[in-house]
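Residue numbers (the numbering used here): 1 to 432.
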């Protein structure tokens, strides 16, 4: 079983810290390991005391886990002191797995969860070796050393925090905008994510989000899709908050568990359907860059809601073969096409890409399939989802396939759409 490690403090009310991480990681089908750095006395109202765990005990916990388990990803939460941060950094430097740093400085209910020297340790020790840091506005101001009043400030702070090559996900919950605007700095590029602001405050949101990301990374999901999936989950977790005390409500890290059994059923069904499609299609249909077949959840909102073949479909021994299992978030480009189609018809939830061939397009038209053209050369920088929307809009109805002639960066391609994988297979059989 995939395992992820959380290094954080204990929250006795069960809404944040280690307790939230255990629930969030488990909800995604990953086993949580834990190393406790501090024992706090806090509830939904305030923090009353903190007892840091001695560094030798922290290292003993780390050694126990790392010597026995194949840990696939690690997150740090509350570290409290520079001594603890230094000890954790030294031990983690010996392993090569994704590291997510949630730079916890204060509690959501108010009160410090760190000594002031911790910021320097995070900047100079943890950040140079981490893959992602997930600060809120106030944490970003402390680490970057600038005030953040607007999105330009937020992007500048991301550049400062990402100067060592790590990615930065700056959460926008504490900004004054009408919607929540998060900024991702990844690969020296910015991505902007906007979500409705929920009119409520919650306990444990930051811990839960970073734990979701860590769990997705443990499943070998790439960084961007791990964040996309996790951000959608935390939105639902915040919307599902509940009360256990007199103060802040707790976010619900287990909001995904009801979906887990359903998703397992979907993946099993897709295994069978994808294999049936691969037995039907000619090898010549598989593009040089690989093929994928994808299916979206009902009401899908982002690429994390679309299941596809991990590692794509390629040709081996003159037949199409899968290079992995069925994973949510495994096919970003085809996901954008399906999501765009669902905005016009929410039942249009399946898609696949095949090699461009003029003769094949002629056969599609002969058997009565509806085709439309996607002009990538005219809009070289547009996303596939936007181009798909334009192609569907110009046709005025839902096509069976969308084709394009590529551009300087992308080769030509045919992409088929269907209501489900059975519908796709039926269309394939008509063509063949």
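A virtual CB, placed ideally from N, CA and C, is assigned to each residue, including glycine.
Just to confirm, is the Cβ distance from residue i to residue j under 8 Å?
i           : j           : result
residue 276 : residue 342 : no
residue 281 : residue 308 : no
residue 255 : residue 243 : no
residue 352 : residue 402 : no
residue 211 : residue 21  : yes
residue 118 : residue 86  : no
residue 73  : residue 97  : yes
residue 161 : residue 143 : yes
residue 13  : residue 215 : no
residue 46  : residue 3   : no
residue 400 : residue 427 : yes
residue 354 : residue 416 : yes
By Cβ distance below 8 Å, which residues in the same chain neighbour residue i in space, the five residues on each side in sequence not counted?
i           : result
residue 431 : 360, 363, 364, 367, 369
residue 18  : 6, 8, 9, 10, 11, 34, 36, 77
residue 310 : 220, 323, 324, 325, 326, 327, 330
residue 296 : 305, 306, 307, 335, 338, 339, 342, 349, 350
residue 381 : none
Run the CB neighbour count on residue i, radius 10 Å, all protein chains shown included, and call it buried at 16 or more, exposed below.
i           : result
residue 185 : buried
residue 339 : buried
residue 129 : exposed
residue 198 : exposed
residue 434 : Absent from the structure is residue 434, since the part of the chain shown begins at 1 and ends at 432.
residue 332 : buried
residue 182 : buried
residue 203 : buried
residue 238 : buried
residue 123 : buried
residue 279 : exposed
residue 406 : exposed
residue 1   : exposed
residue 172 : buried
residue 75  : buried
residue 489 : Here the chain comprises residues numbered 1 to 432, so residue 489 is not present and cannot be evaluated.
residue 103 : buried
residue 298 : exposed
residue 429 : exposed
Under a CB-based cut-off of 8 Å, is residue i close to chain C?
i           : result
residue 310 : In summary, chain C is missing from the structure at hand, where a single protein chain is found.
For residue i, I'd like the list of residues in its chain whose CB is within less than 7 Å of its CB, leaving aside the five on either flank, ordered along the chain.
i           : result
residue 235 : 195
residue 192 : 181, 183
residue 170 : 135, 140, 154, 157, 158, 182, 183
residue 312 : 290, 291, 292, 323
residue 93  : 129
residue 379 : 387
Report the CB separation of residue i from residue j in whole angstroms; it is logged as a contact under 8 Å.
i           : j           : result
residue 209 : residue 302 : No, residue 209 and residue 302 are not in contact; Cβ-Cβ is about 15 Å, not under 8 Å.
residue 344 : residue 414 : Not really, about 19 Å apart at Cβ, beyond 8 Å.
residue 139 : residue 99  : 17 Å between Cβ atoms; not a contact.
residue 372 : residue 387 : Not quite, the Cβ-Cβ distance comes to about 11 Å (not below 8 Å), so this is no contact.
residue 167 : residue 127 : Going by Cβ atoms, the distance from residue 167 to residue 127 rounds to 11 Å, so no, they are not a contact pair.
residue 205 : residue 274 : About 36 Å; that fails the 8 Å criterion.
residue 383 : residue 404 : Not really, about 13 Å apart at Cβ, beyond 8 Å.
residue 270 : residue 132 : Their Cβ separation, rounded to whole angstroms, is 29 Å, which puts residue 270 and residue 132 out of contact at 8 Å.
residue 79  : residue 88  : 6 Å
residue 44  : residue 247 : 4 Å
residue 27  : residue 253 : 6 Å
With a CB to CB cut of under 6 Å and the five nearest residues on each side skipped, what residues in its chain are close to residue i?
i           : result
residue 39  : 10, 51
residue 62  : 35, 91
residue 82  : 117, 118, 121
residue 226 : 213, 216, 217
residue 390 : none
residue 315 : 283, 286
Inset, instruction - Can you check the region 16-74 for any beta strand (DSSP E) of at least 3 residues that lies completely inside it and give the ranges in chain order? - result: 31-42, 47-52
Legend entry - 4-residue-minimum alpha helix (DSSP H) runs that sit fully inside the region 206-231, ordered along the chain: none
Inset, instruction - Can you check the region 260-296 for any beta strand (DSSP E) of at least 3 residues that lies completely inside it and give the ranges in chain order? - result: 293-296
Legend entry - Inside the region 316-378 only - beta strand (DSSP E) runs reaching at least 3 residues: 319-322, 326-328, 350-355, 371-373
Legend entry - 3 or more residues per run - each beta strand (DSSP E) lying fully within the region 110-144: none
Inset, instruction - Scan the region 167-204 and note each continuous alpha helix (DSSP H) run of 4 residues or more that stays entirely inside, going in chain order. - result: none
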